[in-house]
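Worksheet: one structure, shown below.
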Amino acid sequence: MKVLVINSGSSSIKYQLLDMNNESVLCTGLVERIGEEVGRLTHRIAPDTEDAKKIKLEQPISDHEVGMTLAIDLICGENGVVKDKSEIAAIGHRIVHGGEKLHEPTLVDDAVVEELEKIIPLAPLHNPGHLAGIRVARHLFADVPQVVVMDTAYHQTLPPKAYMYALPYELYDEMRIRRYGFHGTSHGFIAKEAARIIGKSFEEFNCITVHLGNGCSMTATKEGKAIDTSMGITPLEGLVMGTRSGDVDPALHALLARTRNMTSEDVDRMLNKESGLKGLCGMNDMRDIHAAIEMGDEKAKLALDVQTYRNRKYIGSYMAVLGHVDAIIFTAGIGENDYIVRRESLKGLECFGVKIDQMNNAQRAAEPLKISTEDSSIEVWVIPTNEELAIARETKNFVN
Ligand code: ADP
1 MKVLVINSGS SSIKYQLLDM NNESVLCTGL VERIGEEVGR LTHRIAPDTE
51 DAKKIKLEQP ISDHEVGMTL AIDLICGENG VVKDKSEIAA IGHRIVHGGE
101 KLHEPTLVDD AVVEELEKII PLAPLHNPGH LAGIRVARHL FADVPQVVVM
151 DTAYHQTLPP KAYMYALPYE LYDEMRIRRY GFHGTSHGFI AKEAARIIGK
201 SFEEFNCITV HLGNGCSMTA TKEGKAIDTS MGITPLEGLV MGTRSGDVDP
251 ALHALLARTR NMTSEDVDRM LNKESGLKGL CGMNDMRDIH AAIEMGDEKA
301 KLALDVQTYR NRKYIGSYMA VLGHVDAIIF TAGIGENDYI VRRESLKGLE
351 CFGVKIDQMN NAQRAAEPLK ISTEDSSIEV WVIPTNEELA IARETKNFVN
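Take 1 as the starting number for the sequence shown in UniProt numbering and just add one per residue.
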């Protein structure tokens with residue numbers, strides 16, 4: 001069974017075709033700069049094998065339909081990984097925000113499209129791009145079942161005490177203002193992988209999952225269900241990220257409006273695009289930050305300290321809400337590759353019985369890697385995330 005996973009953004013479409021009989025990746029691709037003067041398509045065939053091949057196209061790509069058609073021409077046909085698009089059994093669409101109503105994987109129909117349109121105010125940067133991808137895919141693959149898989153789904157099990165803000169209740173009643181949480185597909189994937197590797201049933205598994213990429217978030221899972229998470233109504237709350245501030249005093253908006261005449265758009269842009277690691281030291285890639293620290297850059301060191309200190313505070317608070325913790329799991333670009341961030345984020349947790357094997361921690365983790373010692377009371381793992389595979393699995397389960 002072949003499943004096509006589509007992650008359609010406002011000006012880009014990422015896709016991956018998987019053979020779900022053995023979960024191998026047949027091809028992946030990225031269509032970028034849709035609507036700009038020159039667009040680009042990068043298509044990779046059998047990317048995880050020795051026979052990997054790359055095809056690059058540069059040409060105007062006026063809209064999502066043109067981009068998707070170019071991709072389909074590379075996926076299917078004479079030199080494609082499938083001969084005909086009828087070989088694709090199902091399509092899974094990644095959706096960042098499903099609001100309160102859409103959580104389980106759901107077959108796309110007009111009602112789902114309408115619901116996603118309604119949620120646009122909650123995810124103005126993401127949902128319009130998803131909708132463009134869905135419209136085109138429904139047109140080009142009219143007979144293929146299409147499933148939406150929501151990034152907010154895994155956190156639907158949060159109890160009200162974790163998802164409610166202490167705000168006037170009518171904001172929830174009338175506008176559904178609450179915490180939703182994001183990166184759910186990734187948190188759910190690595191939490192389940194960790195339970196499987198450690199050999200515990202997921203229903204009895206308690207863990208803290210730490211997703212550190214450009215966006216960063218943390219989730220507490222108790223007995224197989226998410227009970228708290230660091231991101232909120234938008235993916236801005238919580239940890240310090242590449243360009244996003246994470247938690248700040250909510251009075252900041254009013255203060256900057258009064259003292260600097262900043263509009264709400266100005267503050268929003270600053271918190272999302274000019275803050276986080278970049279705000280503190282001018283760099284948002286952790287590799288550059290380490291290089292700068294080596295050269296004695298104090299702001300770069302401060303950025304690392306602020307991020308890892310926040311990580312540690314959240315890990316500690318999730319230990320408190322979980323009580324017993326089986327595992328702490330790191331993932332994503334920084335979480336998988338950066339042993340210094342992991343070491344600093346776990347510092348001070350020795351008093352809770354967390355013991356790290358620093359030799360193991362310093363290794364690269366292309367495969368799941370245990371970085372705690374045998375006598376650590378909590379296992380600590382690095383597990384590469386794979387959101388596309390998780391979406392393909394959900395899509396396959398749903399269609400079956
Ligand atoms: P996204 O949130 O966009 O999916 P990723 O999970 O790919 O992001 O993470 C991207 C970030 O991971 C980069 O900005 C960089 O800071 C970090 N990163 C990637 N590789 C390394 C590495 N080898 N060492 C440290 N940080 C890394």
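Heads up, the beta-carbon is just placed ideally off N, CA and C, and yes, glycines get one too. Model, not experiment: these values are computed from the prediction.
In angstroms with no decimal places, state the Cα-to-Cα distance between residue i and residue j.
i: M262; j: S12; result: 31 angstroms
i: T185; j: L346; result: 24 angstroms
i: T395; j: L171; result: 34 angstroms
i: Y309; j: L239; result: 10 angstroms
i: Y314; j: V341; result: 14 angstroms
i: D338; j: I289; result: 11 angstroms
i: V321; j: S376; result: 20 angstroms
i: L104; j: G224; result: The sequence as given places Glu at residue 104; Leu does not occur at that position. Distance between the alpha carbons of E104 and G224 is about 16 angstroms.
i: A142; j: I72; result: 14 angstroms
i: V380; j: E237; result: 25 angstroms
i: Y169; j: M270; result: 28 angstroms
i: E50; j: T373; result: 35 angstroms
i: K54; j: E115; result: 37 angstroms
i: A362; j: G333; result: 15 angstroms
i: H205; j: T221; result: Reading the sequence as shown, one finds Phe at residue 205 and not His. Taking the straight line from one Cα to the other gives about 8 angstroms.
i: M1; j: C76; result: 15 angstroms
i: M20; j: L74; result: 20 angstroms
i: L302; j: G246; result: 16 angstroms
i: I293; j: R40; result: 35 angstroms
i: R196; j: D266; result: 45 angstroms
i: N284; j: G353; result: 32 angstroms
i: I120; j: R393; result: 26 angstroms
i: A365; j: T385; result: 11 angstroms
i: I328; j: T209; result: 6 angstroms
i: L122; j: P128; result: 11 angstroms
i: T69; j: M286; result: 36 angstroms
i: R244; j: Y163; result: 21 angstroms
i: R44; j: V25; result: 10 angstroms
i: C281; j: S86; result: 51 angstroms
i: G279; j: K56; result: 34 angstroms
i: S217; j: Q307; result: 12 angstroms
So is the beta-carbon of residue i under 7 angstroms away from any non-hydrogen atom of ligand 1?
i: L218; result: The sequence given here places Met at residue 218; Leu does not occur at that position. Not under cutoff, so the answer is no.
i: G9; result: no
i: N284; result: yes
i: N337; result: yes
i: A392; result: no
i: R94; result: no
i: G246; result: no
i: N214; result: yes
i: A123; result: no
i: R287; result: yes
i: G242; result: yes
i: residue 401; result: The requested residue 401 is not part of the displayed model; the chain covers only 1 to 400.
i: I334; result: yes
With residue i as the anchor, note down where its alpha helix (DSSP H) starts and where it stops.
i: H211; result: Counting along the chain, H211 falls outside any alpha helix (DSSP H), though it belongs to the beta strand (DSSP E) covering 207-212.
i: A257; result: 252-260
i: Q307; result: 298-322
i: A195; result: 184-198
i: M359; result: 358-361
i: E387; result: 387-399
i: R44; result: Taken as a continuous stretch (DSSP letters only), R44 belongs to no alpha helix (DSSP H), being part of the beta strand (DSSP E) at 39-45.
i: T69; result: 64-75
i: M175; result: 169-175
i: I329; result: Here I329 belongs to no alpha helix (DSSP H); instead the beta strand (DSSP E) covers 327-331.
i: L116; result: 110-118
I think residue i touches residue j, with their Cβ atoms under 8 angstroms apart; what is that distance to the nearest whole Å?
i: Y154; j: G188; result: 4 angstroms
i: I34; j: I61; result: 5 angstroms
i: A226; j: T152; result: Between T152 and A226 the Cβ distance is about 10 angstroms, and since that is not below 8 angstroms, they are no contact.
i: H211; j: G98; result: At roughly 18 angstroms, the Cβ-Cβ gap does not stay under 8 angstroms, so H211 and G98 are not in contact.
i: M241; j: N214; result: 7 angstroms
i: V31; j: G92; result: Contact doesn't hold; Cβ gap of about 17 angstroms is too wide.
i: L107; j: V147; result: 6 angstroms
i: I177; j: I233; result: 6 angstroms
Can you tell me where the beta strand (DSSP E) with residue i in it begins and where it stops?
i: D228; result: 225-229
i: E379; result: 379-382
i: V341; result: Premise fails: V341 lies in the alpha helix (DSSP H), 339-346, not in any beta strand (DSSP E).
i: I13; result: 13-19
i: K2; result: 2-8
i: S86; result: Segment: none, S86 is in no beta strand (DSSP E) and carries neither H nor E.
i: E58; result: 53-59
i: S275; result: Here S275 belongs to no beta strand (DSSP E), and DSSP marks it neither H nor E.
i: M218; result: 216-222
i: G282; result: Premise fails: G282 is in no beta strand (DSSP E) and is neither H nor E.
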